[in-house]
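The next block holds one structure in the form of structure tokens; read it before the comments.
Protein chains in written order, with this note's numbering: chain A, 1 to 206; chain B, 207 to 588.
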């Protein structure tokens, strides 16, 4: 991995949290894989056999340049081409807030993968709350560097929102890491965290 | 688009075809046997000392071994994939040793229906065995043996050529490290076969066909070939590309109220048909369309393509084009799905190009950048 790639990884604090949860030699599907650096990292550090999915031509090219498998496909069309239980782990890093069919995609992740990992920017952080409450404007931050009119993020949600979504959809959270500035946040996570990472599975019926 | 980190792309220059004679009998899938045969081929670039940098390029319906460069005595006769293969091009001949071969049954120098059958002293004609993709790949493997190539860095092709690149991974999994499968289908649809059948009927019902033995009558079923080519050509282009290129443009300033050429598209198809009927052999056309029809690796595995591809060990690059309605993207996705089922390394790109099936021959920058990046990766792993 070269210097620029190291920088890219350190800029994505969720990558290391995700990698820590991926078991060695597992099969991984990374939805919205971007340039494929997470997959490359998982291959190098976890010997994961990974495939990325991305719709963007430039990202597909970047993945091929990075030597990772990529399937050009539109996530919004779902994972119909993938069999149930065909991957150990399905990852959606920093993409959940940018998809329209959020509910379907999360459930599809748990159909295709035995477990799933998502990371997302937490709109519940205190400074973002203040920007709306006091400034009266949609919040911006280093993790949310967009204006309301050019943001790719179509679903704005918080840690508390995601956890109630899981509870309401038969999803069992296995692990959670909340980060700010690349460091774990333990107390008052929904107030202090800027990025949340979850590992979860379908609730097994007793 | 400027290539990155490579010299300015240029032609491989003047090239010469070579010919090899094979005397070990070739048994066809049909059971027929060819006791001896010739294969004509071209090579570009240099085989490295480890003999690890060879790339085989498989041709589709109407092309052959002349993949890149030009002939010294015919500078306009440029190889059919010259925009892809050459120094500084996506498949860089400074790095790779590229082999193009005219398949057995062809009409450009390899043994085919118009070659003399040594047993009779007459052209094979209707007696030439029906060839399949598997037979071609077997013959290509023998060419590789003779060239000292134990394993190809890559086998690549578009359309029917892509079927050969796929078949290599099934038939010779230990002899191919990468398979580049462009504008492909894992088998023809009923509609695909229907188009082939119309083309074949055009040829076989031409009064000059003589049951395939037209050579001895000193004629060629030119009208049939011409029609076959016209039909084929329509299916290679998208509706939009054809509209864009020709629209309803007329040859003269008004319609003529007769049945000769009025529209530019008619003129174009006739021209393409005429040109083709001058140089292509009708029996080869029949054979090649039949090879297309019969290709169906899943057939022997309960129609399960994943099972058919179970032997594959290669890495794959699969590319389709959104406007290709002959081998549309869902056909490529079937291949990708089967490769995923087998946990093969595979990347798949769906290029949003307007040109239809023919897009695989054109130099769309997204497509070529991708092939370039993929081959850069192959080179790093040599």
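For glycine and all other residues, C-beta sits at the position ideal for the given N, C-alpha and C.
The structure presented is a predicted model; accordingly, all values stated were derived computationally and were not measured.
Minimum Cβ-Cβ distance from residue i to chain A less than 7 angstroms
i: residue 553 of chain B; result: yes
i: residue 572 of chain B; result: yes
i: residue 294 of chain B; result: no
i: residue 588 of chain B; result: no
i: residue 513 of chain B; result: no
i: residue 500 of chain B; result: no
i: residue 576 of chain B; result: yes
i: residue 340 of chain B; result: no
i: residue 320 of chain B; result: no
i: residue 257 of chain B; result: no
i: residue 580 of chain B; result: yes
Residue i Cβ short of 6 angstroms to the ligand NAP heavy atom set
i: residue 223 of chain B; result: With respect to the ligand NAP, the structure offers nothing, as it holds no ligand at all.
Cutoff 7 angstroms: residue i Cβ touching any chain B Cβ
i: residue 40 of chain A; result: no
i: residue 132 of chain A; result: no
i: residue 137 of chain A; result: no
i: residue 32 of chain A; result: no
i: residue 44 of chain A; result: no
i: residue 170 of chain A; result: no
i: residue 65 of chain A; result: yes
i: residue 81 of chain A; result: yes
i: residue 153 of chain A; result: no
i: residue 69 of chain A; result: yes
i: residue 29 of chain A; result: no
i: residue 61 of chain A; result: yes
i: residue 108 of chain A; result: no
i: residue 56 of chain A; result: no
Selection from the options that minimises the alpha carbon distance to residue i
i: residue 240 of chain B; options: B/384, B/575, B/487, B/342; result: B/342
i: residue 350 of chain B; options: B/378, B/475, B/372, B/434; result: B/378
i: residue 598 of chain B; options: B/473, B/325, B/376; result: Look at the range of chain B in this structure, 207 to 588, and you will see that residue 598 of chain B is not part of it.
i: residue 70 of chain A; options: A/43, A/196, A/30, A/99; result: A/30
i: residue 64 of chain A; options: B/559, B/321, B/555, B/568; result: B/555
i: residue 509 of chain B; options: B/234, B/298, B/393; result: B/393
i: residue 46 of chain A; options: A/56, A/100, A/196, A/17; result: A/17
i: residue 538 of chain B; options: B/366, B/223, B/584; result: B/366
i: residue 152 of chain A; options: A/164, A/57, A/98, A/162; result: A/98
i: residue 559 of chain B; options: B/529, B/267, B/518, B/552; result: B/529
Buried or exposed by the 16-neighbour rule on C-beta atoms within 10 Å, applied to residue i
i: residue 225 of chain B; result: exposed
i: residue 330 of chain B; result: buried
i: residue 207 of chain B; result: Its pLDDT being 45, under 50, residue 207 of chain B is placed unreliably by the model, and nothing is read from it.
i: residue 533 of chain B; result: buried
i: residue 188 of chain A; result: exposed
i: residue 561 of chain B; result: buried
i: residue 563 of chain B; result: buried
i: residue 250 of chain B; result: buried
i: residue 157 of chain A; result: buried
i: residue 281 of chain B; result: exposed
i: residue 465 of chain B; result: exposed
i: residue 432 of chain B; result: buried
i: residue 287 of chain B; result: buried
i: residue 134 of chain A; result: exposed
Close-in-space but distant-in-sequence residues of the same chain around residue i (CB under 8 angstroms, 5 per side omitted)
i: residue 194 of chain A; result: 121, 122, 125, 141, 142, 143, 179, 180, 181
i: residue 492 of chain B; result: 406, 409, 410, 418
i: residue 215 of chain B; result: 209, 292, 293, 294, 295
i: residue 84 of chain A; result: 111, 112
i: residue 480 of chain B; result: 432
i: residue 442 of chain B; result: 532, 562, 563, 564
6 angstroms Cβ shell around residue i - same chain, five flanking residues per side excluded
i: residue 199 of chain B; result: Outside the displayed range of chain B (207 to 588) lies residue 199 of chain B, so it cannot be described from this structure.
i: residue 34 of chain A; result: 59
i: residue 203 of chain A; result: 170, 172
i: residue 231 of chain B; result: 239, 241
i: residue 422 of chain B; result: none
i: residue 525 of chain B; result: 388, 555
i: residue 82 of chain A; result: 112
i: residue 285 of chain B; result: 272, 273, 274, 275
i: residue 428 of chain B; result: 483
i: residue 302 of chain B; result: 251, 259, 261
i: residue 572 of chain B; result: 557
Cβ-based neighbour list, residue i, same chain, cut-off 7 angstroms, excluding 5 preceding and 5 following
i: residue 296 of chain B; result: 290, 574, 577, 578, 581
i: residue 403 of chain B; result: none
i: residue 468 of chain B; result: 456, 457, 461, 462
i: residue 12 of chain A; result: none
i: residue 101 of chain A; result: 76
i: residue 160 of chain A; result: 124, 190
Inset, instruction - Mind the definition here: the stretch 538–549 of chain B touches the stretch 446–464 of chain B only if three or more C-beta pairs lie below 8 angstroms; say whether that holds. - result: no
Legend entry - Contact the stretch 378–398 of chain B vs the stretch 485–492 of chain B: 3+ CB pairs below 8 angstroms: no
Legend entry - Stretch-stretch touch, CB-based, cutoff 8 angstroms, three pairs: the stretch 34–41 of chain A with the stretch 71–81 of chain A: Contact between the stretch 34–41 of chain A and the stretch 71–81 of chain A is absent, because fewer than three Cβ pairs lie under 8 angstroms.
Legend entry - Touching by the beta-carbon criterion (3+ pairs, under 8 angstroms), the stretch 352–369 of chain B and the stretch 250–263 of chain B: Pairwise C-beta distances place the stretch 352–369 of chain B in contact with the stretch 250–263 of chain B, as three or more of them are shorter than 8 angstroms.
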